[in-house]
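Which chain is which? The protein sequence lines are Z and U, in order.
Going by my numbering, the first sequence opens with residue 1, and the numbers climb by one from there.
Going by my numbering, the second sequence opens with residue 1001, and the numbers climb by one from there.
Even for Gly, the Cβ is constructed at its ideal location relative to N, Cα and C.
What you are looking at is a predicted structure, and each value in this text was computed from that prediction instead of being measured.
Data first, discussion second: the structure below is written as structure tokens.
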Amino acid sequence: MILTLDPHIFIGGVSLVLGLAAGFVMHRSDFCMAGMFRDLFLFKRTVMIKSFALLVLCSMLLFEAARQAGLLSVYPFPLLYPPTAANLMGGLLFGIGMVSAGGCVVGTLYKMGAGSVLSLTAFAGLVFGSGLYAEFHPAWAAFAKSTVLAPDKITIAQMLHVDPLLPVLAVAIPGTLLLLLWHRRGELVRPAFAAGYLQPAKAALALSLIGAFSYVLVGMPLGVTTTFTKIAGFIESVLFPAHFDGLAAFKAVPLNYTHNLTGIVLTGGGAPRFDAQAAFQVPLITGIIAGSAISAALLGELKFYYKVPARQYVLAAAGGTLMGLASRMAPSCNVWHLLGGLPILSASSMLFFLGMLGGAWIGGMLLIKVLGAGPGRTV
Amino acid sequence: METIEFDIRGQICPSSLLVALKEVNSRTERLRQGSVQLCFLTDNRDATITIPESASNMGYGVSVEKKDGYYSIVISGKKD
């Protein structure tokens, strides 16, 4: 089926709806990925991590079903590259950043939508960090290129020269059995007191559907961070136009794919102009913020409290900056790698995940030092 | 019984939880004796799960009540 609609309008409309749904769901369940990994290390809490596993597994099955049905524009999806040491190092810094900021890239957005001034501070840091990366992009890109582990291979299936279905089944079958066991033991349920709370397992199912719709209708799973680069580029081009003109990071156009529903080639990159990346990500970001704000308003919880200890503002700004920087170095963020790359068993996403786990542990330890508290004692 | 109130609205996790744990840990004896209870005001939905869960695991009694746009979490002596 070929649509005659302008693909940018189509993609923008789809992304806005998906963003609204994602923001609403994430606010109701407080589906915070930074918190999941941090609390695993700090407090040995596993319920959210188990919901995250459910999200990855469902996405894996949905993406593979869509591939089998011929619904995907490109497989693997655009902007995934062969694994390099940059994925691991970027993931490590990203993990430290997201735990310090109190939310990952989308966590920051939905918390900001619900009125968190700290997350707004982290958002400013994200934009600043994304712009900062442009200062050393050529050197980092050369490092990434020199540490490629498997040239021209993106997924495990490509490395093993097998159909993607085989490694997917190898992970999905034991994964499903494990999830069923957790479900039977009631380990996917959180006792909750918050009004209108959505259990994280239900949120995971909803988010996997949202991601699958994005992959089928837009051609890519959820992603937001290129827009932060665009915003940084815009600010820099206004404030320091001569310096901006010399930065290669803003000139690259890495996105180039044929959108299967319209048959039109779409391109985009970090430059501050309207392109396919902007058509995809700006409505998605707007939707996540608005969806969360609507959810909070409906519950009477849309309030703005800014009287927070100064060190928490510093942490949010520093964490956001580190996350923005790392999302360019990795390249890409946790949403792209964990909810997109991991479900298709992308090797670069696995490296990012490993690095991010280490970063979340380091970030947790740093928080304990900075905030001066630790796990409680039993009376 | 004395009630000590902490307004941690605006703080996000894990700060809200860590602040609560710090205050609880510094008053273990008085909480155990029942001479004090701690009330945390928070707008962080996650904290309405993590603070009660942690306090309960530590052996304290916990109650959560929704107020106008935020939540009140009260931690008192040993749970029944």
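Check whether Z:Thr155 and Z:Pro167 have beta carbons under 9 Å apart: Contact: yes.
9 Å Cβ cutoff, Z:Ser116 in contact with chain U: Using beta-carbon distances, Z:Ser116 counts as an interface residue toward chain U, with a partner under 9 Å.
C-beta neighbour in chain U for Z:Arg185, strict 9 Å: Output row for Z:Arg185: interface = no.
Counted within 10 angstroms of its Cβ, other Cβ atoms place Z:Phe240 as buried (16 or more) or exposed: When all chains shown are included, Z:Phe240 counts as exposed.
Three or more C-beta pairs below 8 Å linking the stretch 253 to 265 of chain Z and the stretch 310 to 326 of chain Z: Touching, no, given that fewer than three Cβ pairs across the two stretches are closer than 8 Å.
U:Gly1069: contacting residues in chain Z (beta-carbon distance under 8 Å): Chain Z residues near U:Gly1069: Gly300, Glu301, Leu302, Lys303.
Residues from the stretch 1048 to 1072 of chain U in contact with chain Z, defined by Cβ distance under 8 Å: Only those residues of the stretch 1048 to 1072 of chain U whose C-beta falls short of 8 Å from the nearest C-beta of chain Z are listed: Thr1048, Ile1049, Thr1050, Pro1052, Glu1053, Ser1054, Ala1055, Asn1057, Met1058, Gly1059, Tyr1060, Val1064, Lys1066, Asp1068, Gly1069, Tyr1070, Tyr1071.
Within 7 Å of chain U by C-beta, residues of the stretch 304 to 337 of chain Z in sequence order: Listed by position, the residues of the stretch 304 to 337 of chain Z near chain U (Cβ gap below 7 Å) are Tyr305, Tyr306, Lys307, Val308, Gln312.
Own chain residues within Cβ distance below 7 Å of Z:Leu20, not counting five before or after: So the list reads Gly287, Ala290, Gly291, once near-sequence residues are dropped.
Backbone CA spacing between U:Met1001 and Z:Ser295 [nearest angstrom]: Annotation: U:Met1001 to Z:Ser295 spans about 38 Å, alpha carbon to alpha carbon.
Boundaries (first-last residue) of the alpha helix (DSSP H) holding Z:Ile368: Note, Z:Ile368: alpha helix (DSSP H), 347 to 371.
Cross-strand partners of U:Tyr1071 (DSSP beta bridge): DSSP lists U:Thr1042, U:Lys1066 as partners of U:Tyr1071.
Against chain U: residues of the stretch 152 to 181 of chain Z by CB proximity under 8 Å: Residues are counted here when their Cβ sits less than 8 Å from a Cβ of chain U; for the stretch 152 to 181 of chain Z the count is zero.
Own chain, CB closer than 6 Å to Z:Lys153, minus 5 neighbours either side, in chain order: Close CB contacts of Z:Lys153 within its chain, under the 6 Å cut and outside five residues either way in sequence, are with Pro82, Met159 (chain order).
Buried versus exposed call for U:Asn1057 [16 or more other C-beta atoms within 10 Å across all chains shown]: Around the beta carbon of U:Asn1057, a 10 Å sphere encloses fewer than 16 other beta carbons of the protein chains shown; the residue is thus reported as exposed.
Alpha-carbon spacing of U:Leu1017 relative to U:Arg1009, whole angstroms: Their backbone Cα atoms lie some 12 Å apart in a straight line.
Residues that U:Gln1037 bridges to, as DSSP identifies them: Bridge partners of U:Gln1037: U:Thr1003.
Distance CB(U:Ile1012)-CB(U:Asp1068) smaller than 9 Å: No, the pair does not count as a contact, with Cβ atoms beyond the cut-off.
Close Cβ partners of Z:Val189 (< 8 Å) along its chain, the five nearest in sequence each way excluded: Around Z:Val189: Val47, Gln199, Ala201.
Selection of the stretch 1021 to 1039 of chain U by Cβ proximity to chain Z, strictly under 8 Å: Residues passing the 8 Å Cβ filter: Leu1021, Lys1022, Val1024, Asn1025, Thr1028, Leu1031, Arg1032.
Chain Z within 9 Å of U:Ile1004, Cβ atoms only: For U:Ile1004, no Cβ of chain Z is located within less than 9 Å of the residue's own Cβ.
Pairwise C-alpha distance: U:Tyr1071 and U:Thr1042: The straight-line gap from Cα to Cα measures roughly 5 Å.
Reference Z:Glu301; option with closest CA among Z:Gly320, Z:Leu351, Z:Tyr197, Z:Leu165: Nearest C-alpha to Z:Glu301: Z:Tyr197.
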